[in-house]
Amino acid sequence: MNRSRLTHLEQLEAESIYILRETASQFEKPALLFSGGKDSITLVHLALKAFRPGKFPFPLVHIDTGHNFQEALDFRDELANKIGEKLIVRYVQDSIDQGKAVEEKGKFPSRNGIQTVTLLDTIAEFKFDACIGGARRDEEKARAKERVFSVRDEFGQWDPKLQRPELWNIYNGKISPGENVRVFPISNWTELDVWEYIRKENIALPSLYFSHTRKIIYRENLLFPVSEFITIDANDRVEDKVVRFRTVGDMTCTAAVDSQADNIDDIILEIQATRTTERGSRLDDKRSEAAMEDRKRGGYF
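Each residue of the sequence shown is one higher than the one before, starting from 1 at the first, in the numbering used here.
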């Protein structure tokens, strides 16, 4: 097909499918990390295009922190069942119970950091040599440094200074024993690209991405969902508010946005007008200037 005749979204789709097929051909035991969020749902859709009518050459894997949105978990299970692909779930709570990870204390305890322990244990358990994820370069400056094939050492750690060139879409998946590669097929997509592709392909999403009424609590001028995982005291202001979520992580660190956008067209218009990134609503990224990079250096996805 003449590349010049492809639309922008078709070019991105073709690149992502190529990366997925390269991953399947270069690695013995890849896995696709699937959380039930919009980016990993888009990855599953791309994988269906890449490998159907055959089965996926990898399982779906989710590291469940125990603080996830129930809507995302329900959607995760429903989609895996619908497409008939294997879903492996491992739990951060098990790592805590085994004494391998220590849970944070405080009002908004996050498990984002310690899920790395569970992820690395899962990689070792199944001997995965590549993990496919939905990270994108536009999300956060540390993610902008990543290659499409991003090598981790035998301890699961990432060194941004030791990355391989990726010229002319040539990806090098050769690794030494114990090393692991994180693969990012939609690295070159933007949040707007993802939503326009979801509209074009009519991809279903969890309801929390669309405006709905939810109990929220204010913190640092952000709107956090009320849940059993946070501590509410007498000084907190709890309100019923119409909100939606641009990104999905732990309920303790993922803020909602004040929004009336209850359909994809309105969401796209909203994203086109905004001047903040979707990760701007993640409390865990605000802990320091290098919060994401520090987590990634330790093995975080």
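Where a beta carbon is used, it is the ideal one built from N, C-alpha and C, also for glycine. Please read these numbers as outputs of a predicted model, since none were measured by experiment.
If you compare alpha carbons, which of the options is closest to residue i?
{"i": "P30", "options": "F58, K49, L269 and L46", "result": "F58"}
{"i": "T254", "options": "R137, I216, S207 and T190", "result": "I216"}
{"i": "N169", "options": "S259, N235, E15 and V102", "result": "E15"}
{"i": "G125", "options": "V238, D39, E10 and V61", "result": "According to the sequence displayed, residue 125 carries Glu and not Gly. The option with the nearest alpha carbon to E125 is V61."}
{"i": "F155", "options": "G54, R164, K161 and G178", "result": "G178"}
{"i": "T252", "options": "V243, P109 and E13", "result": "P109"}
{"i": "K241", "options": "D258, R275 and G84", "result": "D258"}
{"i": "R214", "options": "I198, F245 and L79", "result": "F245"}
{"i": "K38", "options": "R76, E104, T277 and G54", "result": "R76"}
{"i": "L48", "options": "I63, K82, D74 and D64", "result": "K82"}
{"i": "S227", "options": "I88, L269, N221 and V238", "result": "V238"}
{"i": "V243", "options": "A234, F224 and D233", "result": "F224"}
{"i": "T122", "options": "E104, L87, K105 and E140", "result": "L87"}
{"i": "R52", "options": "R182, E10 and E85", "result": "E85"}
{"i": "L119", "options": "N172, K100 and Y218", "result": "K100"}
{"i": "T42", "options": "D262, D250, N202 and Q260", "result": "N202"}
{"i": "Q26", "options": "G173, T276 and A234", "result": "G173"}
{"i": "E78", "options": "V89, E104, G36 and L46", "result": "G36"}
If you drop the 5 nearest sequence neighbours on each side, which residues of the same chain put their C-beta closer than 7 Å to that of residue i?
{"i": "K107", "result": "I230 and T231"}
{"i": "G66", "result": "Y91, V92, Q93 and R111"}
{"i": "S40", "result": "L33, F34 and G134"}
{"i": "K127", "result": "K29"}
{"i": "T23", "result": "P30, A130, I132 and V183"}
Going by beta carbon distance, what residues of the same chain come within less than 6 Å of residue i, once the five residues before and after it are set aside?
{"i": "E71", "result": "P206, S207 and L208"}
{"i": "D138", "result": "T190"}
Is any heavy atom of the ligand FAD found at a distance shorter than 7 Å from the C-beta of residue i?
{"i": "S207", "result": "In the structure shown, the ligand FAD is absent, as is every other ligand, since no ligand is present at all."}
Assign residue i to one of three DSSP states: helix, strand, or coil.
{"i": "R346", "result": "Any answer about residue 346 is impossible in this case: the structure gives the chain only from 1 up to 301."}
{"i": "S259", "result": "coil"}
{"i": "I267", "result": "helix"}
{"i": "A31", "result": "strand"}
{"i": "Y171", "result": "coil"}
{"i": "D240", "result": "strand"}
{"i": "F149", "result": "strand"}
{"i": "F51", "result": "helix"}
{"i": "K107", "result": "coil"}
{"i": "R214", "result": "strand"}
{"i": "D250", "result": "coil"}
{"i": "D64", "result": "strand"}
{"i": "V44", "result": "helix"}
{"i": "F75", "result": "helix"}
{"i": "A80", "result": "helix"}
{"i": "G219", "result": "Correcting the residue type first, residue 219 is Arg in the shown sequence and not Gly. The answer is strand: DSSP assigns R219 an E or B state."}
With burial defined as no fewer than 16 other Cβ atoms inside 10 Å of the residue's Cβ, what is the status of residue i: buried or exposed?
{"i": "S176", "result": "exposed"}
{"i": "Q98", "result": "exposed"}
{"i": "T247", "result": "buried"}
{"i": "H8", "result": "exposed"}
{"i": "E278", "result": "buried"}
{"i": "P165", "result": "exposed"}
{"i": "L162", "result": "exposed"}
{"i": "A204", "result": "exposed"}
{"i": "R182", "result": "buried"}
{"i": "A80", "result": "buried"}
{"i": "G54", "result": "exposed"}
{"i": "L6", "result": "exposed"}
Would you please state the rounded distance, in angstroms, between the beta carbons of residue i and residue j? I believe it to be under 8 Å.
{"i": "E146", "j": "S211", "result": "Wrong, their Cβ atoms sit about 32 Å apart, outside the cutoff."}
{"i": "A130", "j": "N180", "result": "7 Å"}
{"i": "Q272", "j": "L192", "result": "7 Å"}
{"i": "E270", "j": "A256", "result": "About 13 Å separates the two Cβ atoms, so there is no contact after all."}
Grab me the residues of residue i's own chain with a C-beta within less than 8 Å of its C-beta, minus the 5 sequence neighbours each way, in chain order.
{"i": "V102", "result": "I96 and I114"}
{"i": "I264", "result": "W195, I198 and R199"}
{"i": "R12", "result": "Looking at the sequence provided, one finds Leu at residue 12 rather than Arg. So the qualifying residues of the chain are I186, N188, W189, D193 and Y197."}
{"i": "S303", "result": "The requested residue 303 is not part of the displayed model; the chain covers only 1 to 301."}
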